[in-house]
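Each number in the numbering used here corresponds to the 1-based position in the sequence shown with 165 added.
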Amino acid sequence: VYSCAFSTRRSFAISGALDGTIKVWDVHSGAAVKCFLGHNRAVMAVAFSPNSLYAVSASADKTMALWDTSDVDEEGSGLGLDKVAVFSGHTKAINAAVYSP
């Protein structure tokens, strides 16, 4: 795991990993409740939107992705392909991601 962020409005954390996955975790149970697929290299940074309905990821594959996390719940919903947008054009790995309120 290269990065982790906590939701400010829901009881979730999000992590970005070497294998290119993004996982959403229930902070109370410690269980992974969703796994987003879409990067083909390490995910270097993750961040929740201020309302926690979206997340952004930055990757060594030179892209950033916007993910819809609005349907994530404590019961878990398995794998997610809820990619809203991909931002490409960088020539090197992207190492940071933040939301501005």
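Glycine included, C-beta positions come from ideal geometry on N, C-alpha and C. None of these values were measured; they are calculated from a predicted model.
Around valine 211, the same chain offers Ser168, Cys169, Ala170, Ile179, Ser180, Gly181, Ile187, Ala220, Val221, Ser222, Ala223, Ala262 as residues with beta carbons nearer than 8 Å, after the five sequence neighbours per side are excluded. Residues of the same chain with a CB within less than 6 Å of the CB of threonine 228, apart from the 5 flanking positions on each side, are Val251, Ser253 in chain order. Within the same chain, Lys227 come within 7 Å of lysine 257 by CB-CB distance, once the 5 residues on both sides are set aside. Membership of lysine 188 in the beta strand (DSSP E) is indicated by the continuous run 187 to 191. Apart from sequence neighbours up to five positions away, the residues of its chain that approach asparagine 260 with a beta-carbon distance below 7 Å are Met209, Ala210, Ala223, ordered along the chain. Per the C-alpha coordinates, the member of Gly185, His255, Thr234 positioned closest to lysine 199 is Thr234. Looking from the CA of tyrosine 264, the closest CA among Val237, His255, Ser214 belongs to Ser214. A residue is called buried once 16 or more other Cβ atoms fall within 10 Å of its Cβ, and valine 189 is buried on that count.
The C-alpha of phenylalanine 201 lies about 14 Å from the C-alpha of valine 166.
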